[in-house]
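Protein chains in written order, with my numbering: chain A, 11 to 156; chain B, 11 to 156; chain C, 11 to 156; chain D, 11 to 156. Backbone N, C-alpha and C define an ideal beta-carbon position, used for all residues, glycine too. From a predicted model like this one, the values you see are computed outputs, not experimental measurements.
Protein chains: 4
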Amino acid sequence: MKPDDKFSPTFHFPVQIYYEDTDFSGVVYHPNFLKYFERAREHVIGAERLAALWQQHGLGFAVYRSDMLCHEGVEFADVVDVRTRFYFESKYRTVWQQEIWRPKGTKPAVTAHIEMVCMNKARQLCPMTPPLIEELGRHFDQAISL
Amino acid sequence: MKPDDKFSPTFHFPVQIYYEDTDFSGVVYHPNFLKYFERAREHVIGAERLAALWQQHGLGFAVYRSDMLCHEGVEFADVVDVRTRFYFESKYRTVWQQEIWRPKGTKPAVTAHIEMVCMNKARQLCPMTPPLIEELGRHFDQAISL
Amino acid sequence: MKPDDKFSPTFHFPVQIYYEDTDFSGVVYHPNFLKYFERAREHVIGAERLAALWQQHGLGFAVYRSDMLCHEGVEFADVVDVRTRFYFESKYRTVWQQEIWRPKGTKPAVTAHIEMVCMNKARQLCPMTPPLIEELGRHFDQAISL
Amino acid sequence: MKPDDKFSPTFHFPVQIYYEDTDFSGVVYHPNFLKYFERAREHVIGAERLAALWQQHGLGFAVYRSDMLCHEGVEFADVVDVRTRFYFESKYRTVWQQEIWRPKGTKPAVTAHIEMVCMNKARQLCPMTPPLIEELGRHFDQAISL
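What follows is the structure, given as structure tokens:
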């Protein structure tokens, strides 16, 4: 991924491919890529922080859009590198650019553009809390003003 | 399944095997059988009834034990017959005997003994409500006294 | 969906939402929508036909692109209507427009644009067989010439 | 787990619980425990070794029996410890005792007895290869003679 002022730095997250991830065609079943992207986002945000946000503030993130391109099959026993960067589009919405790289790959096997919105338990759009924006904003070189 | 005074009649529930169900070995990935057994139980109990029980009474069923034997592989595009019968062991617990039959099978491909307990949202053991026991008990020829 | 000369008629496929489909936020976990779309496509194409295509010709379909918008949460015990239509973009590629409608919904809860390509077991792009194109083409009013 | 001459030492494998693992009751959906047990076994055996065994010898492992007890719910954001030990029952069969421990748990949340058999691609019972038995046997203090 090329550096881009708008985006956070790139985070790397490894995912090992198990039996459960494949289908009879021999490669990863495509909806599972969305699972790996979500796991990687949860590591960027912090699973503990997500759990606290839900329990204390009744807030969570929902995927509003996922646009994914599958360029290459990913195989059993691969340990892939999930690369993730994001930016705040507004107080309500984050935009994520994510890629899956196979071991020794020269280009990404899967690429995705994903948009997440912040919602309360009644599934109404809500602004992210200022502490959350500040904490996630520490990933950025420049100050974020939303 | 042989008739048995203790058990309800046998319920039949079809499940089609899709890409998502298989793994690279070419057959159904074994934890998925537990999903089909659960779907079949939800049809016996009634999904609407389960949803109401959760929303109105804060009660749900949790699998306490699942003992499963996989005798034969199940393949993509199979439409299997999930056979289910159960009995009330107490006000807290139901016991289920479930089988998966492939098309044209002469014996079950998978067999399972499953125990479910009734719990509240704090995951404390709770008795099933009398109307629930009565409604599920209609499946039995004989009266149930718990 | 509006009629469109390019597209097949709209196919309807019901999917019941089970425990396995939801996550702790209370609604369907978003990657599962891609599973329902795939199940619906398998019913349009025919699971038996897909199995035969793989076993006899070594051909299968791979999702190249999936662009999905999640407008509304889908809940446990819902029986949703998956609406599907498609067209042949070339001998290699089909394009699918798919939607998920909740019971009594006035607009789709989820919409998707999905592209599938035909591949051999070595994951090389291959043209669909003429009989397959002819059989799938029966869904169209007008002749297809690829 | 208590030491036992028959068993290998206990292996520890961490699993983080993500959105995908839970259902609307708020805890892990029970069939997913079988996935974590399988991941842990794949780490004991070695995913690369499993991939090579399949590609070079046409051999794989199938779960013949899984008997699982769920004592306690496991929650989102938990990092559980999957504890695994096993022994060779014969050249064809391994027996696994596995447990899931929550952070700060004083007893296992889930326990399981799992039996795996070695099969070829036609799903016929086959003996494990001598090098495989030898390599896995290195986990044991005592020599294994099958």
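Quick one: residues in its chain with C-beta nearer than 6 Å to the C-beta of residue i, no 5 flanking neighbours on either side, listed in chain order?
i      : result
C:R75  : E125
A:N42  : D31
A:L63  : L69
C:D77  : H123
D:E109 : R93, P118, T121
D:G36  : none
C:P141 : none
Applying the 10 Å Cβ sphere with the 16-neighbour rule, what's the burial state of residue i?
i      : result
B:R148 : exposed
A:K117 : exposed
C:Q65  : exposed
D:K114 : exposed
D:D88  : buried
B:K45  : buried
C:L60  : buried
Could you work out which residue in the options is closest to residue i when comparing CA atoms only?
i      : options                     : result
B:K101 : B:E48, B:L146, B:R51        : B:L146
C:A72  : A:L69, A:R93, A:F34         : A:F34
B:V120 : B:V38, B:Y29, B:S18         : B:V38
A:Y29  : D:Y28, D:E52, D:I27         : D:E52
D:E85  : B:K131, B:Q107, B:R93       : B:K131
B:T139 : B:F47, B:H67, B:G36, B:H40  : B:H67
A:K16  : A:H40, A:C80, A:Q107, A:L79 : A:Q107
A:R103 : A:M129, A:C80, A:L79        : A:M129
Taking C-beta to C-beta, are residue i and residue j nearer than 9 Å?
i      : j      : result
A:E82  : A:R49  : no
A:F96  : A:L156 : no
D:P24  : D:D91  : yes
A:R133 : A:F21  : no
C:A57  : B:I143 : no
Excluding five sequence neighbours on each side, which residues of the same chain lie with their C-beta closer than 7 Å to the C-beta of residue i?
i      : result
C:A55  : Rather than Ala, the amino acid found at residue 55 of chain C in this sequence is Ile. Excluding positions up to five away in sequence, the list reads L146.
A:V105 : F96, Y97, E99, E125
D:S18  : R95, F96, Y97, H149, F150
C:F47  : V92, Q108, A122, I124
Output needed for residue i: all residues of its chain with C-beta closer than 8 Å, excluding positions within five of it in sequence on either side, in chain order.
i      : result
B:L79  : V120, T121, A122
C:H40  : M78, C80
A:C135 : A small fix is needed here, since residue 135 of chain A is Leu in this sequence, not Cys. Counting only Cβ-Cβ distances below 8 Å, and skipping sequence neighbours, we find Y102, V127, C128, M129.
Secondary structure, alpha helix (DSSP H): runs of 4+ residues fully inside the segment 30-101 of chain A: As far as the segment 30-101 of chain A is concerned, its whole alpha helix (DSSP H) runs of at least 4 residues are 41-55, 57-67.
Uninterrupted alpha helix (DSSP H) stretches inside the segment 123-152 of chain B (no shorter than 4 residues): You should have 140-147.
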